[in-house]
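**Q** Pasting in a structure now, in structure tokens, and then I'll have a few things to ask.
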Amino acid sequence: MPQIVTLPAEAPDKPVVGAPCNGCGLCCAAELCPLGRAVFGKSRGPCPALVWRAEERRHVCGLATEPKAQLTRLPGFLAPLFARLARRWISAGTGCDSDVTADILPAKPAAPAGNAAPRDTSTH
Ligand code: SF4
Ligand code: SF4
16 MPQIVTLPAE
26 APDKPVVGAP
36 CNGCGLCCAA
46 ELCPLGRAVF
56 GKSRGPCPAL
66 VWRAEERRHV
76 CGLATEPKAQ
86 LTRLPGFLAP
96 LFARLARRWI
106 SAGTGCDSDV
116 TADILPAKPA
126 APAGNAAPRD
136 TSTH
């Protein structure tokens, strides 16, 4: 079913399946991966662990990069191990495995200077 997700205007467009992941965030904005489902108990996106890194112009998985910030009850000494396992569970570094397709919806009215408007995207 089509779904509207909102991503930063500066986020890159989704590459083709198999290409290196560019952190567009579309997959995790649309639905949660098995790890996200297990942790957050829902399947429909956006995933609460999806983190936008403006300085890198890409999204990252917060469970794999900063698990303590996502899971406040996670003991600190387990965070590095959890992050390592999360990277394996989400197959980080293996390329884009999402077949979600999207249309970019017409832009909203301009945001104040220096504050780019988010981009609404219809997935299907
Ligand atoms: S896996 Fe694909 S859709 Fe998901 S963030 Fe990476 S490039 Fe985007
Ligand atoms: S890869 Fe990370 S951010 Fe994306 S859906 Fe899975 S848990 Fe959420």
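Here the sequence shown is numbered in our numbering, starting from 16 and rising by one per residue. Ideal Cβ positions, reconstructed from N, Cα and C, are used throughout, including at glycine. Since the structure is predicted, the reported quantities are computational estimates derived from the model, not experimental observations.
1) Judging by CA-CA distance, which residue of Leu47, Arg99, Cys43 is the nearest neighbour of Arg73?
2) Just reading off the beta strand (DSSP E) that Thr138 is part of, what are its end residues?
3) Where does Ala122 sit, in a helix, a strand or coil, going by DSSP?
4) Please list, in chain order, all residues of the same chain as Asp118 whose beta carbon is under 6 Å from its beta carbon, the five residues on each side excluded.
5) Identify the continuous alpha helix (DSSP H) that holds Cys76 and give its terminal residues.
6) Does ligand 2 have a heavy atom nearer than 6 Å to the CB of Ala64?
7) Does the beta-carbon of Cys43, which I'm using as the reference point, lie nearer than 6 Å to any heavy atom of ligand 2?
8) Quick check on this structure: which residue in Ala34, Thr109, Ala64, Cys111 has the alpha carbon closest to the alpha carbon of Thr87?
9) Alpha carbons only, please: which of Cys62, Arg99, Val31 is nearest the one belonging to Gly51?
**A** On the basis of the supplied data:
1) Cys43
2) 134 to 138
3) coil
4) Ser137
5) Counting along the chain, Cys76 falls outside any alpha helix (DSSP H), though it belongs to the beta strand (DSSP E) covering 73 to 76.
6) yes
7) yes
8) Ala64
9) Cys62
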